[in-house]
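Data block below; observations after.
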Ligand code: OAD
């Protein structure tokens with residue numbers, strides 16, 4: 056059966072799983088900052104034009120995330136990992152809350168908000184100050200630092216992408232939690248799993264473009280629906 060411990064399982068998450076921790080999703084009204092849409096700031100052109108504003112936006116998000124703690128949805132995802140012997144979490148989230156909840160085997164598709172990358176030498180460093188000391192931070196080599204995040208118009212790390220699609224193609228069960236399913240290539244992972252014969256279950260507050268692919272669609276908040284789903288399938292939380 057599909058919930059047996061040896062079923063290859065993938066959980067794909069998006070911003071909805073962190074909404075109950077108080078982190079605004081990207082496409083809800085709460086995701087707006089100074090009337091900018093995330094797409095207007097999370098792109099390389101915006102950063103080249105005005106790095107300070109882009110860093111201010113990330114500083115705002117980092118300030119919110121720094122105060123946040125994992126919710127019942129993150130904890131349920133960590134419990135799914137403990138239940139299955141072959142498990143991968145693929146997340147679009149950059150907030151680190153899955154790790155804080157105990158998830159270990161995870162692929163971060165879009166990077167991590169607590170890391171910087173030098174636009175000159177490429178060095179990646181962890182950076183936890185909130186607020187940032189400098190809104191045009193510099194590397195020791197003198198280069199401008201940027202958030203280590205995949206922006207609109209940029210490619211994902213080829214290794215992370217390859218591994219994610221391989222996991223999606225090999226899994227027999229995929230839970231798709233709190234993602235609008237419109238940002239590629241993440242949105243194609245459920246299709247890959249479906250084509251390979253996996254059972255797909257969606258947990259989302261609303262219907263999404265991925266809903267028609269699903270074997271089961273559960274409407275509601277991840278923090279309530281996921282624990283309920285796990286209880287139904289006798290997965291200990
Ligand atoms: P979105 O903001 O696009 O979508 C959030 C989804 O979560 C929506 O479908 C909501 O219905 C759902 N949702 C909201 N609250 C929920 C809750 N409590 N429980 C369950 N579902 C809930 O976020 P993503 O799909 O993650 O990229 O967006 C994808 C990417 O777009 C992000 O990773 C980000 C953004 O640009 C980067 O930062 C690179």
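Numbering (this note's numbering), first residue to last: 56 to 292. Virtual Cβ for every residue (Gly too), placed ideally from N, Cα, C. Remember, it's a predicted structure, so these values are computed and weren't measured experimentally.
Checklist entry - When the distance is taken between beta carbons, is residue 126 closer than 8 Å to residue 68? => result Numbered from its first residue, the chain shown carries residue 68 at position 13. Numbered from its first residue, the chain shown carries residue 126 at position 71. Contact: no.
Checklist entry - Grouping DSSP H, G and I as helix and E and B as strand, with all else coil, what is residue 112? => result Translated into positions along the chain shown, residue 112 becomes position 57. Residue state, collapsed to three classes: helix.
Checklist entry - For the beta strand (DSSP E) that contains residue 81, what are its first and last residues? => result Here residue 81 refers to the residue found at position 26 when the chain shown is read from its first residue. Residue 81 -> no beta strand (DSSP E), and no H or E assigned at all.
Item to check | Distance between residue 213 and residue 276 (C-alpha atoms, nearest Å) | outcome: Mapped onto the chain shown, residue 276 falls at position 221. Mapped onto the chain shown, residue 213 falls at position 158. Each residue's Cα considered, the two are about 32 Å apart.
Item to check | Same chain, Cβ closer than 7 Å to residue 269, neighbours up to 5 away in sequence not counted | outcome: Taking the first residue of the chain shown as position 1, residue 269 is located at position 214. Residues 255, 256, 257 of the same chain have their beta carbon placed closer than 7 Å to that of residue 269, with the five preceding and five following residues left out of the count.
Next on the checklist: So for residue 95, helix, strand or coil by DSSP?
Outcome noted: The count along the chain shown starts at 1 and reaches residue 95 at position 40. DSSP places residue 95 in helix when its eight states are reduced to three.
Item to check | Any C-beta of chain D under 8 Å from that of residue 179 | outcome: No chain D is part of this structure, which consists of one protein chain only.
Item to check | Buried or exposed (CB count within 10 angstroms, at least 16 for buried), residue 87 | outcome: Reading the chain shown from its first residue, position 32 is the one you call residue 87. By the 16-neighbour rule on beta-carbons within 10 angstroms, residue 87 is exposed.
Checklist entry - Hey, residue 182 and residue 170: beta-carbon distance below 8 Å or not? => result Your numbering for residue 182 matches position 127 in the chain shown. Your numbering for residue 170 matches position 115 in the chain shown. For the pair residue 182 and residue 170, the CB atoms are nearer than the 8 Å cut-off.
Checklist entry - Nearest CA to the CA of residue 60: which residue from 208, 180, 138? => result Mapped onto the chain shown, residue 60 falls at position 5. Checked all of 208, 180, 138; the closest Cα to residue 60 is 138.
Checklist entry - In whole angstroms, what separates the C-alpha of residue 190 from that of residue 84? => result Here residue 190 refers to the residue found at position 135 of the chain shown. Here residue 84 refers to the residue found at position 29 of the chain shown. Here the alpha carbon of residue 190 sits roughly 25 Å from the alpha carbon of residue 84.
Checklist entry - Going by other Cβ atoms of all chains shown within 10 Å of its Cβ, with 16 needed for buried, is residue 221 buried or exposed? => result Against the chain shown, residue 221 aligns to sequence position 166. Burial call: exposed.
Checklist entry - Which residues bound the alpha helix (DSSP H) around residue 222? => result Indexing the chain shown from 1 puts residue 222 at position 167. First-last of the alpha helix (DSSP H) with residue 222: 213-225.
Item to check | Whole-number beta carbon distance between residue 162 and residue 145, since they are thought to touch under 8 Å | outcome: Residue 145 sits at position 90 when you count from the first residue of the chain shown. Residue 162 sits at position 107 when you count from the first residue of the chain shown. Yes, residue 145 and residue 162 are in contact; Cβ-Cβ is about 5 Å, under 8 Å.
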